[in-house]
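A short worksheet on the structure shown next.
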Amino acid sequence: MRSIWSKTVAPPAFPQLEKDISPEVAVIGGGMAGILCAAALRERGIDCAVLEANTVGSGITANTTAVLSVQTETLYLDRIRKHGAEAAKLLLDAEREAIERFRSYGETIPCDLENLPALTYSLRDAEKMKTEAAALRSLGLAAEFLTDTPLPFPVAGAVRMPETAQFHPLKFLYQLAKGLTVYENTRALRLEGTTVITDRAHVHAKQVIVATHFPFINRYGLYFLKMYQQRSFVVAYRGAPSLGCTIMDEAEKGIYLRSYGDLLLIGGGDRRPGKKGCGFAAAREFARQYYPQAEEVCAWGNQDCVTLDDLPYIGAYRSGGKGVYVTAGFGGWGMTGSMMGATVLADLVTGQKNRYAKLFDPARRMKLLPLLQNGGEAMLGLLTPKLKRCSHMGCALGWNEAEQSWDCPCHGSRFRANGSVIDNPATHGIVTKKT
Ligand code: FES
156 MRSIWSKTVA PPAFPQLEKD ISPEVAVIGG GMAGILCAAA LRERGIDCAV LEANTVGSGI
216 TANTTAVLSV QTETLYLDRI RKHGAEAAKL LLDAEREAIE RFRSYGETIP CDLENLPALT
276 YSLRDAEKMK TEAAALRSLG LAAEFLTDTP LPFPVAGAVR MPETAQFHPL KFLYQLAKGL
336 TVYENTRALR LEGTTVITDR AHVHAKQVIV ATHFPFINRY GLYFLKMYQQ RSFVVAYRGA
396 PSLGCTIMDE AEKGIYLRSY GDLLLIGGGD RRPGKKGCGF AAAREFARQY YPQAEEVCAW
456 GNQDCVTLDD LPYIGAYRSG GKGVYVTAGF GGWGMTGSMM GATVLADLVT GQKNRYAKLF
516 DPARRMKLLP LLQNGGEAML GLLTPKLKRC SHMGCALGWN EAEQSWDCPC HGSRFRANGS
576 VIDNPATHGI VTKKT
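The opening position of the sequence shown corresponds to residue 156 in the working numbering, with each subsequent residue numbered one higher.
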C-alpha cells in the first residue's frame with residue numbers, strides 16, 4: 156500500500172556496496188534521520204557513507220504525514236509536569252530550531268513546504284486546552300486558545316500554534332540524498348567496534364550512527380526494553396475541503412489531519428502492531444461521518460517508535476560507549492525529531508558541545524513503572540503460544556489483515572506474507588505461511 160508521497164515522486168537510485176570502504180562516519184539507515192545526519196556531517200566537511208538496507212526513504216519516511224510541528228501526542232502542560240519547565244523549554248527550543256532548519260533547506264529544495272499553523276483540539280475539555288495554550292506561552296511560543304476551527308463539528312477548545320509547517324517528505328529527502336554517498340540494498344548485520352558488517356562488505360568507520368528507526372543492536376542500550384512501536388493508519392481523500400492548518404485530537408488514539416494539494420489526509424487507529432483492531436477503520440469512519448462526499452484515493456500505514464518518557468534517544472548508543480551513536484524514538488514527530496537528531500549528533504561526532512545532548516541522552520534514568528509495563532507487554536508476547544514467532548526476540552506475531560503482514564507487538568518488527576522483513580528491529584525474515 157503506497158503512500159501519496161511514494162506515488163508522486165520518482166526515487167533516485169544508488170549503488171549497492173560491493174567492496175570494503177573506510178569513511179570517517181558510517182550512517183546506518185537511509186530514512187529521514189540518517190540522511191539528515193549525513194547531510195549535517197557533510198556540511199562540516201566529514202566524509203560519510205549511508206548504508207540503507209532497502210532504498211532511500213522506503214521505510215517510515217515514505218509513510219509519514221510530514222507535519223513540522225511542536226505539537227506532539229504529549230501536551231506541553233504534561234511535559235512541564237513530567238520534566239520541569241526548563242527541560243520543556245529546551246525541548247520546545249529544539250523543535251523550533253528543527254522546523255527552522257527545514258524551512259531553510261526548503262529555500263533550495265523544492266518540497267511543497269507550506270508554512271501553516273498547527274491546531275490541537277479537545278472535544279470535551281476546554282480548560283485543558285486553555286492551560287496548554289498558557290503553558291506554551293510561558294515557554295515563549297505565541298500559542299492561542301480558540302473554539303472556532305475548520306473542523307466540521309464543534310470542539311470544546313483548541314490551541315493554535317504558529318511557526319509550524321508541512322511538506323512532501325520524499326521530494327525533500329530524495330533531493331538531499333543526491334549530494335551524499337549512499338549505498339542501497341546494503342543491509343548492516345552487526346557491528347564490530349566501529350566496523351559495520353554488511354551482507355557483502357565491511358565498512359571500517361571511525362564513528363557510526365545507527366539511524367534505523369528502531370535500534371537494531373540488542374546487546375547494548377536496552378532499547379528493546381525502553382521503547383516500543385505504534386502503528387497508525389492514514390487515508391487520503393479527494394473532495395474534502397482544505398484545512399489551512401494541520402490538526403490533531405489531543406485524546407489518546409485521536410484523529411489527525413492535514414491537507415496536501417486537493418487531498419485531505421486523515422490518520423488514526425493508533426495501536427501496537429499485531430494487536431487486534433489495527434487497520435483503516437477509524438480514519439474511514441471519520442471520513443464517512445464528516446466528509447461523506449469525499450472519495451478515497453489511497454491508504455497506507457505508518458509506524459512510530461515511542462519512548463517511555465516521550466523524549467527521543469539521541470546520543471551515545473550505550474552509556475560510556477565511544478564512537479557509536481543512536482537517533483531514535485521520535486514518537487509521532489519523526490520529521491522534527493530526525494532534524495533534532497542530526498543537529499545533536501553532528502555536534503557530538505565532531506566533538507562539539509550541544510545544549511540538547513543531556514536532555515536526549517539515551518542513558519538517562521527511566522522510571523520503573525513504565526519500564527515494567529513495557530517489559531510486561533514483551534513478556535506477554537513471548538509467552539503467547541503461537542506458531543508464528545518474530546525473528547528479533549521470539550515474540551508471537553499477529554496477522555495484520557488490512558496490510559497483509561505479520562506484525563510483532565513487542566518491538567514492532569513486521570514481515571511480509573512470504574516472511575521477508577518490512578520493518579526492523581528484526582534483521583532477517585521468518586519462514587511462514589499464513590495459518
Ligand atoms: Fe522484538 Fe518482535 S520485534 S520480538
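Virtual Cβ for every residue (Gly too), placed ideally from N, Cα, C.
C-alpha distance - residue i paired with residue j, whole-angstrom precision
i      : j      : result
Gly239 : Ser560 : 41 Å
Phe379 : Ser575 : 21 Å
Phe515 : Thr505 : 17 Å
Gly470 : Val180 : 15 Å
Gly399 : Leu271 : 7 Å
Arg157 : Thr216 : 12 Å
Leu527 : Gly334 : 44 Å
Asn373 : His583 : 14 Å
Glu450 : Leu419 : 10 Å
Ile577 : Pro170 : 21 Å
Glu269 : Ser161 : 19 Å
Cys433 : Arg386 : 8 Å
Met534 : Leu377 : 15 Å
Leu245 : Arg251 : 10 Å
Phe322 : Pro540 : 44 Å
Phe308 : Ala395 : 14 Å
Arg393 : Gly456 : 18 Å
Gln444 : Ala297 : 33 Å
Gln448 : Gln226 : 29 Å
Val481 : Arg292 : 32 Å
Ala273 : Thr304 : 11 Å
Thr263 : Arg256 : 12 Å
Outcome for residue i when other beta-carbon atoms lying within 10 angstroms are tallied against a minimum of 16
i      : result
His547 : buried
His368 : buried
Asn579 : buried
Asn573 : exposed
Ser127 : Only positions 156 to 590 of the chain appear in the structure, and residue 127 is not among them; the question remains open.
Ala168 : exposed
Arg342 : buried
Pro517 : buried
Leu538 : exposed
Arg345 : exposed
Leu523 : exposed
Contact set for residue i: own chain, Cβ-Cβ below 7 Å, skip 5 residues either direction
i      : result
Ile254 : Leu223, Glu318, Thr319, Ala320, Thr491
Ala281 : Ala311, Gly312
Tyr415 : Ile159
Leu301 : Ala313, Arg315
Ala243 : Tyr231, Arg234, Ile235, Leu294
Ser397 : Ser414
Gly530 : Leu380
Arg199 : Ala501, Thr505
Interface flag, residue i vs chain B, CB-CB below 8 Å
i      : result
Asp562 : Looking for chain B here will not work: only one protein chain is present.
Contact set for residue i: own chain, Cβ-Cβ below 8 Å, skip 5 residues either direction
i      : result
Pro166 : Thr210, Val211, Gly212, Ser213, Leu325, Tyr329
Ser544 : Looking at the sequence shown, residue 544 is not Ser but Arg. Closer than 8 Å at the Cβ level, and outside the excluded window around Arg544, lie Cys550, Ala551, Leu552, Ile585.
Ala194 : Leu331, Gly334, Leu335, Ala497
Cutoff 6 Å; reference residue i; Cβ partners in own chain excluding five residues on either side
i      : result
Ile421 : Val390, Leu412, Ala438, Phe441, Ala442
Glu405 : Thr275, Ser277
Gly184 : Ala366, Thr367
task = Could you name the residues whose beta carbon sits closer than 5 Å to any heavy atom belonging to the ligand FES, keeping them in chain order?
result = Any heavy atom of the ligand FES within less than 5 Å of a residue's beta carbon puts that residue on the list, which reads Cys545, His547, Met548, Cys550, Cys563, Cys565, His566, Ser568.
query = Is the stretch 353-361 close to the stretch 423-430, with three or more CB pairs under 8 Å?
reply = no
ask   = Are three or more beta carbon pairs between the stretch 549-566 and the stretch 189-198 nearer than 8 Å?
value = no
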